[in-house]
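Numbering (my numbering), first residue to last: 57 to 306.
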């Protein structure tokens with residue numbers, strides 16, 4: 057489908073929600089720590105899989121190794137800035153074509169690109185809290201701490217405010233996400249299959265007119281989409297921005 061037709065769909069939509077998946081993040085140069093080649097490198101270096109070490113159990117029982125991994129791997133990735141796809145999302149929001157964005161990624165890429173009404177379902181690394189007194193800390197405090205970052209008041213280990221493996225996503229957050237999808241007239245899925253955790257938990261609430269999927273890999277579940285577009289999500293979004301600006305040029 058041509059971008060100009062997609063733009064017409066978005067113009068006609070009363071409320072458009074984006075589900076931002078792993079593919080869009082990978083297009084910005086972010087490593088796929090759980091599924092990519094980096095997962096093997098993590099296990100070789102730390103002696104545990106990504107899921108094992110980035111878990112609530114590891115945070116509770118082996119804080120030194122948890123935070124070594126967290127600072128060397130997780131926080132290292134956020135040095136990579138949001139790519140053109142995220143900036144195109146922000147531009148489309150500025151043009152009134154996208155209303156809200158939902159994601160399970162924890163790097164805060166949409167927020168850092170200037171997007172609004174973003175729901176980070178699993179939290180982000182930019183929010184950190186003392187589990188004892190509730191004092192909050194910026195990511196720089198955690199990054200620059202020697203060893204385990206401790207609360208200045210309680211001397212208790214600071215907790216990254218993200219959902220670790222082995223934990224349930226907060227019910228209030230999932231309720232809000234479901235409500236956003238329920239409101240949507242158009243649901244735009246970027247860089248994720250419809251069987252991914254992001255989509256499988258949420259598309260059941262969609263009762264709008266168009267479920268649009270943009271992905272670089274075909275999957276049997278694509279038939280559930282009303283429109284499936286194959287290719288890079290960032291190029292698709294940049295194309296929509298370009299087409300919109302061309303059509304609205306004075």
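Even glycine gets a Cβ: it sits at the ideal position worked out from N, Cα and C.
Can you tell me whether DSSP reads residue i as helix, strand or coil?
{"i": "residue 263", "result": "coil"}
{"i": "residue 227", "result": "helix"}
{"i": "residue 212", "result": "coil"}
{"i": "residue 285", "result": "strand"}
{"i": "residue 292", "result": "helix"}
{"i": "residue 71", "result": "coil"}
{"i": "residue 183", "result": "strand"}
{"i": "residue 156", "result": "strand"}
{"i": "residue 197", "result": "helix"}
{"i": "residue 162", "result": "coil"}
{"i": "residue 298", "result": "helix"}
{"i": "residue 249", "result": "coil"}
{"i": "residue 320", "result": "Lying outside 57 to 306, the shown extent of the chain, residue 320 is not represented and no answer is given."}
{"i": "residue 192", "result": "strand"}
{"i": "residue 206", "result": "strand"}
{"i": "residue 145", "result": "helix"}
For residue i, I'd like the list of residues in its chain whose CB is within less than 8 angstroms of its CB, leaving aside the five on either flank, ordered along the chain.
{"i": "residue 179", "result": "162, 216, 217, 218 and 219"}
{"i": "residue 99", "result": "105 and 106"}
Please state if the CB of residue j and the CB of residue i are separated by a distance shorter than 8 angstroms.
{"i": "residue 284", "j": "residue 290", "result": "no"}
{"i": "residue 142", "j": "residue 84", "result": "yes"}
{"i": "residue 133", "j": "residue 240", "result": "no"}
{"i": "residue 148", "j": "residue 258", "result": "no"}
{"i": "residue 74", "j": "residue 246", "result": "yes"}
{"i": "residue 184", "j": "residue 204", "result": "no"}
{"i": "residue 270", "j": "residue 65", "result": "no"}
{"i": "residue 124", "j": "residue 106", "result": "no"}
{"i": "residue 156", "j": "residue 236", "result": "yes"}
Within 10 Å of its beta-carbon, does residue i have 16 or more other beta-carbons around it, so buried, or fewer, so exposed?
{"i": "residue 211", "result": "exposed"}
{"i": "residue 117", "result": "exposed"}
{"i": "residue 276", "result": "exposed"}
{"i": "residue 264", "result": "buried"}
{"i": "residue 231", "result": "exposed"}
{"i": "residue 86", "result": "buried"}
{"i": "residue 228", "result": "exposed"}
{"i": "residue 67", "result": "exposed"}
{"i": "residue 160", "result": "buried"}
Who are the near neighbours of residue i in its chain, counting only those whose CB is closer than 6 angstroms to its CB and skipping five residues on each side?
{"i": "residue 58", "result": "Low confidence applies here, because residue 58 scores a pLDDT of 46, under 50, leaving its location unreliable and the question unanswered by this model."}
Less than 7 angstroms between the CB of residue i and some heavy atom of the ligand SAH, yes or no?
{"i": "residue 171", "result": "Annotation note on the ligand SAH: not contained in the displayed structure, which lists no ligands."}
Excluding the 5 residues preceding and the 5 following residue i in the sequence, name in chain order all residues of the same chain whose CB lies nearer than 7 angstroms to its CB.
{"i": "residue 225", "result": "177, 178 and 219"}
{"i": "residue 307", "result": "Residue 307 is absent from the structure shown; the chain starts at 57 and stops at 306."}
{"i": "residue 111", "result": "220, 221 and 222"}
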